[in-house]
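Protein chains in written order, with my numbering: chain V, 1 to 796; chain D, 1 to 189; chain H, 1 to 268; chain R, 1 to 230.
All C-beta atoms, glycine included, are put in the ideal place defined by N, C-alpha and C.
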């Protein structure tokens, strides 16, 4: 989230689309109702009337997989009715930037598409530069090559009629949504868009989210109190594990993971560090070298020296352009390329796309280590219904992990609050905290390499891994993540700023000469010599904007609202004085309120310091499939793309095989999607094993309209089969008024929604909806297309 | 961090109330008069933690009596949840002593149809041995073009969102040191 | 000072946090449920479920709405259960709830039968001997008499529940109804202000009571009235009159008998 | 002791009339005990001032006692029927057979029972009208007790609350009816100055010939003497 949860209360309009916070984040929803109590409006756009929609001021239905069309219509509406926040757009986005005249868009494809490689040559997706190398701007935003005009042209095709024919949303509701939300384009109004996997889990997921960002930027809803792009993340520390980069493409703190092109830190920095020629652009990533070197120092300690390039080559390097994410991981496993698998607190046999195929893939492993509280479907794949255990040669270790009250440490919520957990009791039975398990395994591996040697032993034997023989102290590791000085750090006059061994107070003090360590630069400041900031418990709210700056710690640098510099005009005046997270006090040249992005006087720098332009991008060349989001149909769709000849995202990642066949609309005409229940958790181990939760939601089900049920002769509560080319599942039908058939370009299209929490293990068992979802990924992130695919339904 | 005894009752939620009645303001007056005061039948709690379900990050207070957790409810001082918890957070207590919970090391030999209970020592030694064997056998020092890559594609690591930050950091550090590139967690699914 | 639980159905999101928090606080055993085509479960109150959310789909003027109603003991002022309870295990507490002292309950079950809302349920301990205990929501009597809010109120994630002085609850509810009417919920109303002498639960509804499955006008049960106020007093009167008549008869007969008897007394 | 024996032999020979068979007496006393227990345990939940016996553990014990007694209560007439069927049916028939003698008894009852004046009281059968009325009430309320008792015992939850509450009301009305008669019955057999002998009939089965003559003259003549004389 750019802001945080309590900030919903500052909003005038809250738009939920591709999420269902009342269902999946109930305790966050009170801040939505708090806003509504103050007069705010709630818009919910969803294929069905959800628990969130039950509270909405305005609900509009939408067919799954058509979000960009919906948002494209919104962008067109804002631009054509001039409802954008003009000064914000002109000054704080690249709307006024002039784009390379060779850039073009034609029938669903941007300039530079290569159909053979299925990739873009992005050389024309660039700005026109002046002689100093600074992008040219037309501050009137009327030049046909300026971003705003290109955008207007791009979205001119997204008429209400077309959008309605694609999305199935009635035209009057489309207009009501557009009108209600664009009210927040006024400088003294703020709107938040809440989303979750309903936006991301599509073959166009990243573009979906970008379309939300574009709307928010046009309306001046980024960086202000009550205005945010609110990603509602699912698990209690999915934010922290993303920050700490349990991800193939990152190192902690969103540093890029090295590829084969990065043969040295110099190569690496050349590839990853953006540059700017604009003196007003702070271009924060220019500090990249400090963060990677400090991290290498944290990992390899004294063994990382200037002379060995801080042991940069001890880090593994990926093959260039190769994707190692969830889907290709299981494809590689199925191909027999992966021999050993360590899986901790995750259950892909239920949660993975095309789960049947992923379960089969597990059998190709030589060994698998599962650390869990429960015997999950993944841990027990070798004895699942329909397989012969004797045929499966995988050696499986199931390690009993400690629960959340049996260990201590910090977790990071979706609003980036890093909060400390205290230990209440010793682990039950023989269970052990994950830190203990990691330490025990690594100590043994290290001892073996020290004793016997082995392939490239240095990164293992020389790893800075001195956590003792027992349970590592979480506070010690927290301090390592925060970072310390390896020697006295002096200023120009020789005065010691940070003494050797002291904690680094903030990432501004990090260095690329080896004098500092820091496990994750964005967490620098969370455990300083002043103590454990994550354990702070001051819940006062002096600004009245629900910032709670004294509660726990917010990365980065306890900043509660990201890009908050955009909440004031270039002159330093808040867009809305009644809800200003930042105030510039000209008299003593200081900021008060939240921790300001950047620093210095208001007009000294541009507000979006993480972009090398210094402003937000309405034209975003970084994305794989184009600088403007464009509607494409899902890989499996019952409809023709009405906007271009490109039926699907031309860059979507597709693994088509016998175990991942495409379901054709002629045979499988119903749109399928998956979602969760408030009473259950993800792949279910944490809820299906709790009898109280099983009691309140005992079985998986499929929701469908009364019309579809009538067509298929299904009555409420009947057992039905939902199937497609990848599998079939049997569930209870919930026939409801809350879903209606969609009118898609004159044709009635049905949609069903499946609950995906269930599997074959634990206190409550049932079929897994993910047996039906495809191995198809978004072009940028390879996030699987869980939310829009095809199927058919019949009564058992 | 533990809260002081004097805040004990407060943690039970005297401060919670309906939205329209004003969150945060104490709104329960004392029970007086003739009617009996009923004894609290269990301890509310004084150890604070964060809920283990979604990413809202609600505060919880944990009541421990005789070394056992007897109660888990919302932390009323927590600025986001203000003492509230959804059905999952409210059921969290059932995780701890669940009969379904795995509390001993389980091992499944190749081709076997059952689990066997094993000691930690045996298991950790064997896992370490498997990691080393697999890594040594499949380590890629240079790619086919001769560029240094120092990676292992034969071992994959998955998970993280159930860890604390310190745990996931430690595992990531270990995984990268081992040369693992198939590194993934729940962010995508 | 009487208190009340405030239940704003326009804010409730039906998450069932209250159901589970209640089970957690009271350590109630899970019951076996099945999916029959609804989000609602358990489908009825029982000895191990004191509260539950009732789900209703309501379509009016082309708009489909999903209504959630937190259900459980309404803590009536004119509480039939209290009147029929022979052991005073059920009592109207001055805080405004009907308390239940489990130790006093002898399991007669009259409360469960007299309740106009069918709330109290019997926990059968021995089917043959009839050993049982009444169960129901008591607003978490141990919590509320110790300055805490009921477990369900405390846990309510959307803050649809509140617990405070009844006057304040009523005033808030009325303001809220006015507010909702302005927002277009023309059928918004307060439920519980006067019903059965005033309920301990005060609801803000956004649709007719029937759309939530609530009785429009709940009534004190006529049979309870007949039994408690007519039959039982009649029993005392009849027994008293009979006893008096027999005493009278004894004196009359004794006198008649003495008239025929000569009693000889021994010498002193 | 020997002088006593001598005295007895010198005294006039007393004639006793067998009024109740052993089975009848057993049935009566089982019924009596069961009824008393039922009444006592029932009263605990009827009368608030007795609630100390009804609460908690005590309540559970009295509830159990009530149910055990209920079984005995049902068992008594069954026992009667099984071990003394002829008397059972005779008594049953008598209870439902009302004639002018019963009218006569009713007309003279007050004078007789309050002032000891026999007046025009006709000779009575084995049961006089008062006893018949008592028996009838017992028979009817027995049925009501059993039906409503079973509803309350086993029907909770499976019958509608209205049926249950009607059962409670009817059970209580039956209690009231039987208690009033029980009071009268106890009074007559144990307290009433003229009727003390009737209690020995239930203990020993016999009454003196004089008592039988006075109170059940018709029965004595038709059922006892005639049988003896045969």
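Mind checking whether residue 216 of chain V and residue 228 of chain V have CB atoms under 9 Å apart?
In this structure, residue 228 of chain V lies closer than 9 Å to residue 216 of chain V by Cβ.
So, is the C-beta of residue 172 of chain H closer than 9 Å to a C-beta in chain V?
Closer than 9 Å: no.
Does any CB atom of chain H fall closer than 9 Å to the CB of residue 86 of chain D?
Yes, because at least one Cβ of chain H sits closer than 9 Å to the Cβ of residue 86 of chain D.
Is residue 124 of chain R closer than 9 Å to residue 101 of chain R when the C-beta atoms are compared?
The answer is yes: Cβ separation under 9 Å.
What first and last residue would you give for the alpha helix (DSSP H) that runs through residue 113 of chain R?
Here the alpha helix (DSSP H) through residue 113 of chain R covers 100 to 115.
Rounding to the nearest angstrom, what Cα-Cα distance links residue 23 of chain V and residue 332 of chain V in this structure?
Cα to Cα, residue 23 of chain V sits roughly 35 Å from residue 332 of chain V.
Going by alpha carbons, who is nearest to residue 54 of chain V out of H:15, H:86 and H:21?
Here the closest residue by C-alpha is H:15.
Looking at the structure shown, is residue 93 of chain V part of a helix, part of a strand, or coil, going by DSSP?
Three-state DSSP puts residue 93 of chain V in a strand.
Just to confirm the assignment, what range does the beta strand (DSSP E) spanning residue 60 of chain D have?
Looking at the DSSP string, the run of the beta strand (DSSP E) that includes residue 60 of chain D is 59 to 65.
Can you give me the C-alpha to C-alpha distance between residue 496 of chain V and residue 761 of chain V, rounded to a whole angstrom?
Going from the Cα of residue 496 of chain V to the Cα of residue 761 of chain V covers about 59 Å.
At a Cβ threshold of 9 Å, is residue 23 of chain H touching chain D?
For residue 23 of chain H, the answer is yes, since a Cβ of chain D falls inside 9 Å of its Cβ.
Do you know offhand how far residue 231 of chain D's Cα is from residue 206 of chain V's?
For residue 231 of chain D there is no data in the structure shown, the boundaries of chain D being 1 and 189.
Determine the contact status of residue 436 of chain V and residue 252 of chain V, defining contact as a CB-CB distance below 9 Å.
Cβ atoms of residue 436 of chain V and residue 252 of chain V: not closer than 9 Å.
So what's residue 23 of chain D in DSSP terms, helix, strand or just coil?
With a pLDDT of 38 at residue 23 of chain D, under the threshold of 50, the predicted position of this residue should be treated as unreliable, though the coordinate-derived value follows. Three-state DSSP puts residue 23 of chain D in coil, outside helix and strand.
Suppose you measure from the CA of residue 386 of chain V to the CA of residue 356 of chain V; what does that come to, to the nearest Å?
If I take the Cα positions, the gap works out to 11 Å.
Between V:64, V:794 and V:66, which lies nearest to residue 667 of chain V when the distance is taken from Cα to Cα?
The residue with the shortest Cα to Cα distance from residue 667 of chain V is V:794.
I want to see whether chain D comes within less than 9 Å of residue 137 of chain H, judged by CB atoms only; does it?
It does not: the Cβ of residue 137 of chain H has no partner Cβ on chain D nearer than 9 Å.
Does the beta carbon of residue 209 of chain D sit closer than 9 Å to a beta carbon anywhere in chain V?
This structure gives no information on residue 209 of chain D, because the portion of chain D shown stretches from 1 to 189.
With distance defined between alpha-carbon atoms, name the residue in V:164, V:707 and V:514 nearest to residue 639 of chain V.
Answer by Cα proximity: V:164.
When DSSP labels each residue in this structure, what does residue 152 of chain H get in the three-state scheme?
Here residue 152 of chain H sits in helix by DSSP.
Please tell me whether residue 159 of chain H has its Cβ less than 9 Å away from any Cβ of chain D.
Cβ-Cβ to chain D under 9 Å: yes for residue 159 of chain H.
Closest to residue 660 of chain V by C-alpha separation, out of V:368, V:781 and V:328, would be which residue?
Selected option, being the one with the closest Cα: V:328.
Can you give me, in chain order, the residues of the region 681 to 708 of chain V that have a beta carbon less than 9 Å from any beta carbon in chain H?
So the close ones are 690, 691, 692, 693, 694, 695, 696, 697, 698, 699, 700 and 701.
For residue 6 of chain D, would you say it is in contact with chain V, using Cβ-to-Cβ distances shorter than 9 Å as the test?
Low confidence applies to residue 6 of chain D: its pLDDT is 34, below 50, so where it sits in the model is not reliable enough to give any reading.
Let's see if you can read the secondary structure: which residues bound the alpha helix (DSSP H) around residue 647 of chain V?
Premise fails: residue 647 of chain V is in no alpha helix (DSSP H) and is neither H nor E.
I'd like to know if residue 108 of chain H contacts chain R, where contact means its C-beta is closer than 9 Å to some C-beta of that chain.
Yes - at least one Cβ of chain R is within 9 Å of the one on residue 108 of chain H.
Using a Cβ-Cβ cut-off of less than 9 Å, give me the residues of the region 381 to 401 of chain V that come near chain D, in sequence order.
Against chain D - using a Cβ distance shorter than 9 Å - the residues of the region 381 to 401 of chain V are 382, 383, 388, 389, 390, 391, 392, 393, 394, 395, 396, 397, 398, 399, 400 and 401.
Taking the straight line between their C-alpha atoms, what separation do you get for residue 648 of chain V and residue 634 of chain V?
Looking at the two C-alpha atoms, the distance is approximately 6 Å.
Enumerate in chain order the residues of its own chain whose CB-to-CB distance from residue 423 of chain V is below 8 Å, with the five nearest sequence positions on each side excluded.
The residues are 405, 406, 407 and 408.
Quick one: what's got a C-beta closer than 8 Å to residue 74 of chain R's C-beta in the same chain, skipping five residues either side?
146.
Which residues, in chain order, does the region 39 to 54 of chain V contribute to contact with chain H at a C-beta distance below 9 Å?
Under the 9 Å Cβ criterion, the region 39 to 54 of chain V contributes 49, 50, 51, 52, 53 and 54.
Quick check on residue 55 of chain R - is its C-beta less than 9 Å from some C-beta in chain H?
Yes, its Cβ sits closer than 9 Å to a Cβ of chain H.
Under 7 Å, CB to CB, which of the residues in the region 714 to 748 of chain V have a partner in chain H?
Of all residues in the region 714 to 748 of chain V, 716, 717, 732, 733, 734, 735, 736, 737 and 738 have a Cβ within less than 7 Å of some Cβ in chain H.
Is it a yes or a no for the region 437 to 446 of chain V touching the region 167 to 186 of chain D, going by three-plus beta-carbon pairs under 8 Å?
Yes, since at least three Cβ pairs between the region 437 to 446 of chain V and the region 167 to 186 of chain D fall closer than 8 Å, the two stretches touch.
Relative to the alpha-carbon of residue 361 of chain V, which residue among V:371, V:70 and V:394 has its alpha-carbon at the smallest distance?
Nearest C-alpha to residue 361 of chain V: V:394.
Can you confirm whether residue 12 of chain D, when its beta carbon is compared against all beta carbons of chain H, has any partner nearer than 9 Å?
Because residue 12 of chain D sits at a pLDDT of 40, beneath the cut-off of 50, its placement in the model cannot be relied upon, and the following sentence gives the value as read from the coordinates. Yes, its Cβ sits closer than 9 Å to a Cβ of chain H.
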